[in-house]
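>
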Amino acid sequence: MINEYFYNVATLFLNDKLSFQERLTDFINFISTNFQISRCSLMLIDYNDLSIEVYASTNPKIVGLKRKLSDVSVSTMALIDNEALWIDIESRNYFQHLDKSKYESSSSLTIPIKYLDKKLGVVNLTDFVNIEKFVNFDINIVKQLVQLIGPFISAQISQTICTEYARKLENKNNDYIELDKMKSELINFIVHDLKSPISVVIANLDMLLYDELTEDQKNIISLALEEMAKLQSMVLNILDVQKLEEARINILREEVDLYNLTEQKIKSLSGLLSRKMIKLDLKGNPLNLFIDGELIGRVINNILINAIDHSPDESTISVTISEDDDNGIISFQDMGGGIPEEMLDKIFDKYFQAKEEGRAYIKTSTGLGLTFCKLVVEAHGGKITAQNKNHGALFTITLPKSLKIGIH
Ligand SMILES: Nc1ncnc2c1ncn2[C@@H]1O[C@H](COP(=O)(O)OP(=O)(O)OP(=O)(O)O)[C@@H](O)[C@H]1O
Ligand SMILES: [Mg+2]
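The opening residue of the sequence shown carries number 2 in our numbering; numbering runs sequentially from there.
Right, here's the structure in full:
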């Protein structure tokens, strides 16, 4: 008989066809029927607002009723004592005075529901049909049955909390995605509007250089031009990284001499190189490839600027054009101390910039330069790698000679 009770209650709580609420109600009805108790209810604690709420009852009207844990009641007394509370006719008189629920009954049994050290709620039994027959033996069985449902209830509460957290996290995540989209749109809007004025300023500064100027004036204008070129490169990187990621950019392939293209880019940086007295050593031979000259030119420019940026004064940057059967290869070796090993696999990530101690000035940069390079090279079906060699960084780009690979 006793085993049957335990078996039935366990089966009831393992029945996943029933809702949590239904299982609790069935449990209450089960106790009420088998132990002949007219009024039974099950209440659970809500630790958020320190209240206790009726989840199931033989009187459906009181389901959902909530009261504060701080109210004096048989439930809170049992929870404070952390053990079953038996109230008979004498103690009832005392209790009725304090308990605002005022059960109109001669006796009641309140059993805390617990799991490990956590108190989850109480089961309240009132109005025993035949109180004489409800002896210690029955009390113990009911107590054990209530004990048995503790883990089930605890698991359900944990699941509810997890689901609630997951829902909140998902909402937050959606908010962030939306915010991120709005931010990107705003940045793009601003950046896009910067493109034209920058080109106008560059063109005008360039024209100024053809005037009769003193050496000092020339230097000032050259410096302004270099800074504007950096700004232009940054703006284009921001716009193009997004376009490349969305595959919205056309790779306009034409026959380009990689050696000649590199030479042009080096020339355009002559002011920057001479200011740091850096020697640029270009080796190799003309090499015609079918590539987008404008985009690959900007890749070369980005890598050269990085190399110049990291090179000490009076050092050498070696650029080598070579080829194997399938690819054209261009490599850039500087003497700038290289990239910290742990960051080697991150430098191509969006917005990644290694922290550089002691930088006294604010760099005009976004950490998108190498991301742009990688996307452009890969859109050509090629590869870009970085490693540390000869006390500096070595960047190598391979571009396939065959047009069949990586056509966009
Ligand atoms: N030649 C190099 N030597 C040492 N570190 C380098 C070199 N090139 C790149 N890095 C490291 O990789 C990081 C990423 O480079 P990337 O070109 O993407 O960004 P950035 O140069 O910081 O900014 P941006 O190119 O947008 O102006 C740099 O911040 C730097 O830490
Ligand atoms: Mg850069």
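Quick reminder that beta carbons are idealized off the backbone N, C-alpha and C, glycines included.
Note that the structure is predicted; figures quoted are calculated from it, not measured.
Straight-line CA distance for D314 to R249?
Approximately 40 Å, taken between the alpha carbons.
> Can you grab the Cα-Cα spacing for the pair D327 / E379, in whole Å?
D327 and E379: Cα-Cα distance of roughly 15 Å.
> Determine the contact status of I309 and L273, defining contact as a CB-CB distance below 8 Å.
Yes; because the gap between Cβ atoms is below 8 Å, this pair is in contact.
> Would you check if there are 3 or more beta carbon pairs closer than 8 Å linking the region 141-160 to the region 191-201?
Judged by Cβ distances under 8 Å, the region 141-160 makes no contact with the region 191-201, as fewer than three pairs qualify.
> Work out the CA separation of I340 and F396 for me, nearest whole Å.
Distance between the alpha carbons of F396 and I340: 11 Å.
> Any heavy atom of ligand 1 closer than 7 Å to the beta-carbon of N238?
Checking the Cβ of N238 against ligand 1 gives yes.
> Relative to the alpha-carbon of L305, which residue among L345, I318, I178 and D293 has its alpha-carbon at the smallest distance?
The shortest C-alpha separation from L305 is found at I318.
> Counting only the same chain and skipping the five closest in sequence on each side, list residues whose C-beta sits under 7 Å from that of L253.
Excluding residues within five positions, the ones whose Cβ falls inside 7 Å are D293.
> Specify the secondary structure class of Y362 as computed by DSSP and reduced to three states.
Residue placement at Y362 is flagged as unreliable, the pLDDT there being 48, under the threshold of 50; a coordinate-derived value is accordingly withheld.
> Tell me whether A85 sits in a helix, a strand or coil according to DSSP, three-state version.
Residue state, collapsed to three classes: coil.
> Across which residues does DSSP place G382 in a beta bridge pair?
Per DSSP, none; premise fails for G382.
> Could you tell me whether any non-hydrogen atom of ligand 4 is closer than 7 Å to the CB of H392?
Although ligand 4 was asked about, the structure shown includes only ligand 1 and ligand 2 as ligands.
> Go ahead and pull the three-state DSSP assignment for P313.
P313 falls in the coil class under three-state DSSP.
> Specify, as a first and last residue, the run of the alpha helix (DSSP H) that P152 falls within.
Counting along the chain, the alpha helix (DSSP H) containing P152 begins and ends at N137 to L209.
> Give a single yes or no on whether L400 has its beta carbon closer than 7 Å to a heavy atom of ligand 2.
Because no heavy atom of ligand 2 lies under 7 Å away, the Cβ of L400 does not count as near it: no.
> Considering only heavy atoms of ligand 2 and the C-beta of each residue, which residues fall inside 5 Å, strictly closer?
Qualifying residues, in the order they occur: N307 and G370.
> If you follow the beta strand (DSSP E) that E255 is part of, which residue opens it and which one closes it?
Note, E255: beta strand (DSSP E), E255 to D258.
> Under 7 Å from any heavy atom of ligand 1, does the C-beta of D314 make it?
No, ligand 1 has no heavy atom inside 7 Å of this Cβ.
> Helix, strand or coil: which one does DSSP assign to Y56?
Y56: strand per DSSP, three-state reduction.
> Could you check where the beta strand (DSSP E) with Y116 kicks off and where it finishes?
Y116 -> beta strand (DSSP E) spans S109 to Y116.
> Tell me, which residues are paired with R40 by DSSP?
Answer by DSSP bridge pairing, in chain order: T127.
> Apply the 10 Å Cβ neighbour rule to V136 and answer buried if 16 or more other Cβ atoms are within range, or exposed otherwise.
Exposed.
> Do the CB positions of V320 and T263 come within less than 8 Å of each other?
Yes. Within cutoff.
> Tell whether a beta-carbon distance below 8 Å holds between G393 and M336.
It is a contact, given that the beta carbons lie within the stated cut-off.
> Extract the residue ranges of the beta strand (DSSP E) inside the region 263-348, only unbroken runs of 3 or more that lie entirely within it.
The qualifying runs are 280-284, 289-292, 317-324 and 328-334.
> For ligand 1, is there any heavy atom lying closer than 7 Å to the beta carbon of N251?
Incorrect: N251 has no Cβ contact closer than 7 Å to ligand 1.
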